[in-house]
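Step one of this worksheet: look at the structure below.
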Amino acid sequence: MNHRTRLGLISSDDQAAARDGLSRLRSNRDFEALIALLEQELVIERELYETRTADDHQRGQVVMLKKVIDLLETGDK
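Under my numbering, the sequence shown has 117 at position 60, and the numbering climbs by one with no breaks.
In structure tokens, the structure reads:
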């Protein structure tokens with residue numbers, strides 16, 4: 058299963074609008090709380106993945122959460 062972000066499929070105008078929206082979100086005081094919550098979920102998912110028998114679904118959860126956090130924090134694809 059491929060978990061790459063699909064931002065390359067979004068038009069330039071839509072990408073610019075999404076980046077502007079993300080910039081506004083980052084300035085919201087609740088943004089840090091959202092990132093902290095997602096990072097806590099990532100820790101839980103990683104622990105489950107590391108303590109259970111290999112599970113592609115669990116691995117996918119870890120990969121996707123990390124990508125979402127990176128996208129929110131840095132804006133990178």
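Glycine included, C-beta positions come from ideal geometry on N, C-alpha and C.
Note that the coordinates shown come from a computational prediction; the quantities given were computed from them, not determined experimentally.
Expressed to the nearest angstrom, what Euclidean distance is found between the alpha-carbon atoms of ARG109 and LEU122? Here residue 109 refers to the residue found at position 52 when the sequence shown is read from its first residue. Here residue 122 refers to the residue found at position 65 when the sequence shown is read from its first residue. Approximately 18 Å, taken between the alpha carbons.
Pick helix, strand or coil for ARG81, following the three-state DSSP scheme. On the sequence shown, residue 81 is found 24 positions in, with the first residue counted as 1. The answer is helix: DSSP assigns ARG81 an H, G or I state.
Measure the beta-carbon distance from LEU95 to VAL119 and round it to whole angstroms, keeping in mind my assumption that it falls under 8 Å. For the purposes of this step, residue 95 is taken as residue 38 along the sequence shown, with counting starting at 1. For the purposes of this step, residue 119 is taken as residue 62 along the sequence shown, with counting starting at 1. The pair is not a contact, with the Cβ atoms about 12 Å apart (cut-off 8 Å).
Leaving aside the five residues before and after TYR106 along the sequence, list all residues of the same chain whose C-beta is less than 8 Å from its C-beta, in chain order. Locating residue 106 in the sequence shown gives position 49, where the first residue counts as 1. Cβ within range, chain order: ASP112, GLN115, ARG116, GLN118 and VAL119.
When the distance is taken between beta carbons, is LEU79 closer than 9 Å to GLY132? As a position in the sequence shown, residue 132 is number 75, starting the count at 1. As a position in the sequence shown, residue 79 is number 22, starting the count at 1. Here GLY132 is near LEU79, since their CB atoms are less than 9 Å apart.
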